[in-house]
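*Asks:* The following block contains the structure, expressed as structure tokens.
Residue numbers (my numbering), protein chains in the order written: chain A, 2 to 218; chain B, 197 to 271.
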């Protein structure tokens, strides 16, 4: 049984927010709801890291455990989905989630907080696959079309990967063994350098000069 | 009731209260997994275009997954 997971390669993410935009466009997400977002640590400082975060489709999902109406479930592929017809918009899942994945539209049938909305791994929800009802409630079901989540598939630097956890981990492992690891590896040359190539050696991209006015902290 | 019986009853009651603190009851909330109450979902390969063929769906997903590996994709 596949365990669908996301993995974001912090060495490659360039904070372009294209995954966020693609997700919103693909599922016609309303204003104020961000199923996916990019988080940057140490912004502007050399060595900064960005990762794209959404629902991580936990194997032991805390949102599923705390839901008072038990509207959250795992599919056979390990994707965490929920039934919006059952959701009461209480927000417990938001408090339980360590990633802040559950989102709530600001206008809904329950006052200021509508029913929960979150990343579906582009797998729709408990409506007939590809139906209009599924699209309106959960967005497009790409998994039923034999496709992976749009955020991962369109990532230009292939920082964000999605798919079976073991396959994605193997791809990432191959990258790490090819480029090395540790605090000294950072930047474009590291992420895209040829296997075995070192900075300053033939075949490796030249180091770029620091921009004018840049200071080292 | 004689004074002796009162004393015995009081001692027994105090003993029971004192021993109650020695009980080893679990001090944590017992976790109970909920059961999904919503509508059942279908498998992703049940409808078109795979029409129930899990093999075809697996192949399509496997191909898409490897498209993310440029070490393999670009040689």
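By construction, the Cβ of each residue, glycine as well, lies at the ideal position given by its N, Cα and C atoms. Small disclaimer: the values here were computed from a predicted structure and weren't measured.
Of all the CB atoms in chain B, is at least one closer than 9 Å to the CB of residue 148 of chain A?
*Replies:* For this step, residue 148 of chain A is matched to residue 147 along the first chain. Judged by the 9 Å Cβ criterion, residue 148 of chain A is in contact with chain B.
*Asks:* What are the residues of the region 72-89 of chain A that lie near chain B, defined by any Cβ-Cβ distance shorter than 8 Å?
*Replies:* 72, 73, 74, 76, 77, 78, 82, 83, 84, 86 and 87
*Asks:* Cβ of residue 129 of chain A less than 9 Å from any chain B Cβ?
*Replies:* Along the first chain, read from residue 1 onward, the residue named residue 129 of chain A stands at position 128. Interface residue, yes.
*Asks:* Apply the 10 Å Cβ neighbour rule to residue 51 of chain A and answer buried if 16 or more other Cβ atoms are within range, or exposed otherwise.
*Replies:* For the purposes of this step, residue 51 of chain A is taken as residue 50 along the first chain, with counting starting at 1. So residue 51 of chain A ends up on the buried side.
*Asks:* What is the rounded straight-line gap between the Cα of residue 240 of chain B and the Cα of residue 22 of chain A?
*Replies:* As a first step, residue 240 of chain B is located in the second chain; it is residue number 44 there, counting from the start. As a first step, residue 22 of chain A is located in the first chain; it is residue number 21 there, counting from the start. So the alpha carbons of these two residues sit roughly 25 Å apart.
*Asks:* What does the Cβ neighbour count give for residue 92 of chain A, buried or exposed, with the cut at 16 atoms within 10 Å?
*Replies:* To locate residue 92 of chain A, count along the first chain from 1; it is residue 91. Counting Cβ neighbours within 10 Å, residue 92 of chain A comes out exposed, since fewer than 16 surround it.
*Asks:* Between which two residues does the alpha helix (DSSP H) carrying residue 166 of chain A extend?
*Replies:* Sequence index remark: in the first chain, residue 166 of chain A carries index 165 (1-based). That run of the alpha helix (DSSP H) goes 166-180.
*Asks:* Thinking residue 163 of chain A and residue 149 of chain A are a contact (beta carbons under 8 Å), I'd like their distance in whole angstroms, please.
*Replies:* Here residue 163 of chain A refers to the residue found at position 162 of the first chain. Here residue 149 of chain A refers to the residue found at position 148 of the first chain. Yes, they are in contact, since the Cβ atoms of residue 163 of chain A and residue 149 of chain A sit about 5 Å apart, within 8 Å.
*Asks:* Who are the Cβ neighbours of residue 27 of chain A in its own chain at under 6 Å, not counting the five residues just before and after it?
*Replies:* Taking the first residue of the first chain as position 1, residue 27 of chain A is located at position 26. Same-chain partners within the cutoff: 141 and 151.
*Asks:* Between the C-alpha atoms of residue 102 of chain A and residue 33 of chain A, what's the straight-line distance to the nearest angstrom?
*Replies:* For the purposes of this step, residue 102 of chain A is taken as residue 101 along the first chain, with counting starting at 1. For the purposes of this step, residue 33 of chain A is taken as residue 32 along the first chain, with counting starting at 1. Whole-angstrom Cα-Cα distance: 13 Å.
*Asks:* Beta-carbon of residue 48 of chain A versus every beta-carbon of chain B: anything under 9 Å?
*Replies:* One-based indexing of the first chain puts residue 48 of chain A at position 47. Cβ-Cβ to chain B under 9 Å: no for residue 48 of chain A.
*Asks:* Using beta carbons (cut-off 9 Å, strictly below), is residue 56 of chain A in contact with chain B?
*Replies:* Taking the first residue of the first chain as 1, we reach residue 56 of chain A at position 55. For residue 56 of chain A, the answer is no, since every Cβ of chain B falls outside 9 Å of its Cβ.
*Asks:* Three or more C-beta pairs under 8 Å: does that hold for the region 126-138 of chain A against the region 79-95 of chain A?
*Replies:* yes
*Asks:* To test your reading of the DSSP string, which unbroken alpha helix (DSSP H) runs of 4 or more residues are found completely within the region 30-118 of chain A?
*Replies:* The qualifying runs are 63-67 and 93-97.
*Asks:* Who pairs with residue 138 of chain A in a beta bridge, going by DSSP?
*Replies:* For the purposes of this step, residue 138 of chain A is taken as the residue at position 137 of the first chain. Residue 138 of chain A pairs with nothing; no bridge assigned.
*Asks:* Anything in the region 162-183 of chain A with a Cβ closer than 9 Å to a Cβ of chain B? List those residues in chain order, please.
*Replies:* Residues are counted here when their Cβ sits less than 9 Å from a Cβ of chain B; for the region 162-183 of chain A these are 162, 163, 164, 165, 168, 169, 171, 172, 175, 176 and 179, given in chain order.
*Asks:* Since residue 157 of chain A contacts residue 19 of chain A with CB under 8 Å, what's their CB separation in whole angstroms?
*Replies:* Locating residue 157 of chain A in the first chain gives position 156, where the first residue counts as 1. Locating residue 19 of chain A in the first chain gives position 18, where the first residue counts as 1. Confirmed, Cβ separation roughly 6 Å.
*Asks:* Alpha carbons only, please: which of A:66, A:180 and A:79 is nearest the one belonging to residue 231 of chain B?
*Replies:* As a working mapping, residue 231 of chain B is identified with position 35 in the second chain. Comparing Cα-Cα distances from residue 231 of chain B to each of A:66, A:180 and A:79, the minimum goes to A:66.
*Asks:* What residue range is occupied by the uninterrupted alpha helix (DSSP H) comprising residue 155 of chain A?
*Replies:* The count along the first chain starts at 1 and reaches residue 155 of chain A at position 154. Careful: residue 155 of chain A lies outside any alpha helix (DSSP H) and carries neither H nor E.
*Asks:* Taking the alpha-carbon of residue 8 of chain A as reference, which of A:122, A:61 and A:46 has the nearest alpha-carbon?
*Replies:* The count along the first chain starts at 1 and reaches residue 8 of chain A at position 7. Answer by Cα proximity: A:122.
*Asks:* For the beta strand (DSSP E) containing residue 8 of chain A, name the first residue and the last one.
*Replies:* Walking along the first chain from the start, residue 8 of chain A turns up at place 7. Unbroken beta strand (DSSP E) run through residue 8 of chain A: 5-9.
*Asks:* If we ignore side chains and look at the alpha-carbon of each, how far apart do residue 120 of chain A and residue 212 of chain B end up?
*Replies:* The sequence position of residue 120 of chain A within the first chain is 119, counting from 1. The sequence position of residue 212 of chain B within the second chain is 16, counting from 1. Cα to Cα, the separation comes out at about 56 Å.
*Asks:* Smallest Cα separation from residue 244 of chain B: which of A:177, A:160, A:154 and A:143?
*Replies:* The sequence position of residue 244 of chain B within the second chain is 48, counting from 1. When each option's Cα is compared against that of residue 244 of chain B, the closest is A:143.
*Asks:* Using the rule of at least 16 other Cβ atoms within 10 Å of the residue's Cβ for burial, across every protein chain shown, is residue 6 of chain A buried or exposed?
*Replies:* For the purposes of this step, residue 6 of chain A is taken as the residue at position 5 of the first chain. Buried is the call here.
*Asks:* Under three-state DSSP, which class holds residue 161 of chain A?
*Replies:* Working through the first chain from its first residue, we reach residue 161 of chain A at position 160. In the structure shown, residue 161 of chain A sits in a strand (DSSP, three-state: E or B).
*Asks:* Is there a Cβ of chain A sitting closer than 9 Å to that of residue 252 of chain B, yes or no?
*Replies:* If you number the second chain from 1, residue 252 of chain B lands on position 56. Judged by the 9 Å Cβ criterion, residue 252 of chain B is in contact with chain A.
*Asks:* For residue 115 of chain A and residue 89 of chain A, I'd like the C-alpha separation in whole angstroms.
*Replies:* For the purposes of this step, residue 115 of chain A is taken as the residue at position 114 of the first chain. For the purposes of this step, residue 89 of chain A is taken as the residue at position 88 of the first chain. Spanning the two alpha carbons is a distance of roughly 8 Å.
*Asks:* Beta-carbon separation of residue 78 of chain A and residue 3 of chain A under 9 Å?
*Replies:* The residue given as residue 78 of chain A occupies position 77 in the first chain. The residue given as residue 3 of chain A occupies position 2 in the first chain. Their beta carbons are under 9 Å apart, which means residue 78 of chain A touches residue 3 of chain A by this criterion.
*Asks:* Rounded to whole angstroms, what is the Cα-Cα separation between residue 205 of chain B and residue 199 of chain B?
*Replies:* Here residue 205 of chain B is taken as the residue at index 9 of the second chain, counted from 1. Here residue 199 of chain B is taken as the residue at index 3 of the second chain, counted from 1. Roughly 10 Å between the two C-alpha positions.
*Asks:* Any beta carbon of chain E sitting closer than 9 Å to that of residue 248 of chain B?
*Replies:* In summary, chain E is missing from the structure at hand, where the protein chains are A and B.
*Asks:* If you compare alpha carbons, which of A:25, A:139, A:30 and A:42 is closest to residue 16 of chain A?
*Replies:* Your numbering for residue 16 of chain A matches position 15 in the first chain. With distances taken between Cα atoms, residue 16 of chain A lies closest to A:42.
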